[in-house]
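All residue numbers for the first sequence refer to the working numbering, where the first residue is 1366 and numbers rise by one.
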Amino acid sequence: MIARVVFDLPVERAFSYRVPTALAGRIGPGQRVLAPFRGRPRLGVVVGMEPADDPALASLDRARDPIAALSPVLLEVAQAVAREACAAWGQVVLRSLPPEARGGAPDGLPEASRVSSGIARARLVVGRERERLIEEGAAEALGAGRGVLVLAPEIELAKAWVRRLRVRCGVEPVLLHGAVPPARRWEGWWALRQGRARLAVGTRSACLAPIPAPGLTVVVDEHDPAHKAPAAPRVHAREVARARAAREGGDLLLTSAAPSLESWYRARAGEAELEETKGDGWPTIERVDLRGAPRDRCLAPPLRAAIARTLGEGRQVLLLLNRLGFGAALRCRECGAVRRCPACRIALTYHLEGRRLHCHLCGLSTPARSLCPRCRGRRLEGLGWGTERVEAEAREAFPGVAVARLDGESARGRRGPAIRRAFQAGAIRLLVGTQMAARLLPHPEVGLCAVVSADATLDLPDFRAGERTFQLLWGLAEALGPDASLWIQSHYPEHYALEAVARRHAEAFYETELAFREELDLPPRRRLARLLVRGPDGAGLAASLGARLRTDAGLAVYGPTPLGDRRWQLLAKGGATLPDALGACLEPLRGRHRLVGGRWELDVDPVELG
DNA sequence: CCTATACGTACC
DNA sequence: GTACGTATAGGC
């Protein structure tokens, strides 16, 4: 017999090994094996067996475990997902397994569960009841003797779901994420594989967990970019979940306060049932126009008054800064808006070198002078204010009020939980924080929540800037009670994302946003891939790769656009077959990643453009 | 003429 | 990814 083996390498091929007679019958697809590779034993996974022999081939050293870590179906899922992401099958497979640990698997696999094909039921659930539907769905599937996988975008959220499901389902869920020690991850993995456990909760690293007879796969906060791996293999957990459900059967449940345009679009096309669970009541939404407001203050007078009122009523206040890593945009001093690309409408990014503005979508490059028709000079201005700054202003404006700050810096060590507890207990009356502070909601004592500058996300140099802003604001509004108010400061108070939140009319946002995406041939209508290039001659390499994609693959290619100092980006636009087109064109260059000039990396269906 | 480094290739 | 081969430059 010959075993086909893949490794954690950025290569397409599987490698062939003879199966020594001593191992015959003990080796099969999905099994981890140690195979001689470049003279040393290397960990690989068997993806296929062939009834042939070739004495010229090397022989497998041994099986790493007595049983296969993955089922043949999950190997197929990994292959399909790898193909869509232009990633190597072996990397998707091996990086989905827990890292190597001491000890081996227990012996014995249960009868292979009969695999049904096709998703039984795909749902996209929005609204306040969505969490209850997850609990119900999980309990129901477990009750029917089926397995359940719940994927959350962050470790903390995964832990919270373990607590909820433990109570609701009466079983101990297997928790799988990057911070769980390898030995414990394998323990849980084998328990699932052997059918001793049927419920798993985890982050994207758990997306290929061996759930026995899956009845339900849940993707919590499906819109969250954290579901996609930030480095190769750049696989999106939501797409793995979809591929799994299509091949393993069972229900697919995607949930979000404000879903991604991709999922909303699919639901609209009939690929999933859109289920809106409306809770009643919406907070009062107040928009503050920052145009013309003094730039040295971060809290406008009407907002200050409202905060004072709220504190006076004995309720708590939350001030949020959504600083999701901003590009160096140029803001006009007069009108406050940043300069945008006339074609793509996304914020232009300022590059010190040559004092030029670049569009990261279409590659437009223009001199930074003549910044704004209404403004004589140009002024580089950071977007938004820091949390410390807002905290200081709040202390000064509301003397005697217990003010605290919750951000990456102040939450370091054991301080985060202490601040959270103090806020929940009411000891802190006004809390200034970043995204992580938003997680404190829902909290009924909060009477006012303010987004200090919605522009921090609206001015991101990303065509999803509007979508991100809408998702953030909608999520906040939903988490606040009807007797609370949400204040939004912005230079674009009439922006349709803000308008839709104020009117509690999500559909209006999605329709407008989709029209914009369709007009510019952007996702979800069409697909994008970005090619990241770096190296001493990144510019030259990017240009030649771009030319190749244009002529050989016939793709619409934008750029190269500079990303900081030595990084360049190309964007390729295509249809459903984009990964195949890219593969066919770039495959001959594989193994030559280090072309003269630098190295390059592909990101198919990027969720964030930098 | 020999050793140091650079890039391209193949890995079973 | 990375060890290894061959091409290439620099050193004596």
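Don't be surprised by glycine CBs; every beta carbon is placed ideally from N, CA and C.
| query | result |
| --- | --- |
| Counting pairs of Cβ atoms below 8 angstroms between the segment 1778-1792 and the segment 1647-1666, do you hit three or more? | no |
| In whole angstroms, what separates the C-alpha of residue 1398 from that of residue 1411? | 7 angstroms |
| Is the separation between the beta-carbon of residue 1879 and that of residue 1898 shorter than 8 angstroms? | no |
| Beta-carbon separation of residue 1388 and residue 1428 under 8 angstroms? | yes |
| Residue 1529: which of 1963, 1592 and 1564 sits nearest, CA to CA? | 1564 |
| Run the CB neighbour count on residue 1382, radius 10 Å, all protein chains shown included, and call it buried at 16 or more, exposed below. | buried |
| Under three-state DSSP, which class holds residue 1446? | helix |
| If distances are taken between C-alpha atoms only, which option among 1882, 1876 and 1922 comes closest to residue 1896? | 1922 |
| Do you know how far the Cα of residue 1549 is from the Cα of residue 1535? | 21 angstroms |
| Closest to residue 1751 by CA distance: which of 1490, 1684 and 1706 is it? | 1684 |
| Alpha carbon to alpha carbon, what distance is there between residue 1590 and residue 1748? | Low per-residue confidence applies at residue 1748: pLDDT is 49, beneath 50, and the placement is therefore not dependable, though the value from the model is reported in the following sentence. Looking at the two C-alpha atoms, the distance is approximately 21 angstroms. |
| Between 1668, 1605 and 1581, which has its C-alpha nearest residue 1449's C-alpha? | 1605 |
| So, at 8 angstroms on beta carbons, what are the nonlocal neighbours of residue 1420 in its own chain, with the 5 sequence-adjacent residues on each side left out? | 1383 |
| Flag this pair as yes or no: are the beta carbons of residue 1581 and residue 1506 separated by less than 8 angstroms? | yes |
| Can you list, in chain order, the residues of its chain with a C-beta nearer than 7 angstroms to that of residue 1675? Leave out the 5 residues immediately preceding and following it. | 1682, 1812 and 1813 |
| Using only alpha-carbon positions, find the residue among 1809, 1872, 1894 and 1407 that is nearest to residue 1492. | 1872 |
| What does the Cβ neighbour count give for residue 1714, buried or exposed, with the cut at 16 atoms within 10 Å? | buried |
| Starting from residue 1933, follow its DSSP beta bridges and name the residues at the other end. | 1898 and 1927 |
| Out of curiosity, what's the CA-to-CA distance linking residue 1690 and residue 1372? | Because residue 1690 carries a pLDDT of 48, less than 50, the predicted location of this residue cannot be relied on, and the following value inherits that uncertainty. If you take the alpha carbons of residue 1690 and residue 1372, they lie about 35 angstroms apart. |
| With 16 as the cutoff for other CB atoms within 10 Å, does residue 1497 come out buried or exposed? | exposed |
| Report, in whole angstroms, the separation of the C-beta atoms of residue 1367 and residue 1418, which I expect to be a contact under 8 angstroms. | 7 angstroms |
| Hey, out of 1835, 1451, 1915 and 1893, whose CA is closest to residue 1868's CA? | 1835 |
| Closest to residue 1919 by C-alpha separation, out of 1929, 1932 and 1944, would be which residue? | 1944 |
| Taking the alpha-carbon positions, what's the residue 1854 to residue 1816 distance? | 6 angstroms |
| For residue 1875, which residues from the same chain have a beta carbon less than 6 angstroms from its beta carbon, with the 5 sequence-adjacent residues on both sides left out? | 1629 |
| Using CA atoms only, rank isn't needed, just tell me which of 1793, 1395, 1761 and 1832 is closest to residue 1770. | 1793 |
| Report back the beta-carbon spacing between residue 1577 and residue 1512 to the nearest angstrom; my notes put them in contact at under 8 angstroms. | 5 angstroms |
| Since residue 1646 and residue 1485 should fall inside the 8 angstroms C-beta cutoff, what is the C-beta to C-beta distance between them, to a whole number of angstroms? | Contact doesn't hold; Cβ gap of about 34 angstroms is too wide. |
| In the DSSP assignment, find the unbroken beta strand (DSSP E) run with residue 1835 in it and report its ends. | Premise fails: residue 1835 lies in the alpha helix (DSSP H), 1830-1844, not in any beta strand (DSSP E). |
| What did DSSP end up calling residue 1633 once you bin it into helix, strand or coil? | helix |
| Give me, in chain order, the residues of the same chain whose beta-carbon lies closer than 6 angstroms to that of residue 1490; leave out the 5 immediate sequence neighbours on both sides. | 1498, 1620 and 1640 |
| Tell me the DSSP bridge mates of residue 1641? | 1491 |
| Going by C-alpha distance, which of 1592, 1555 and 1394 is nearest residue 1522? | 1592 |
| Identify, in the order they occur along the chain, each residue of the same chain with its Cβ nearer than 8 angstroms to the Cβ of residue 1556, setting aside the five sequence neighbours on each side. | 1539 and 1562 |
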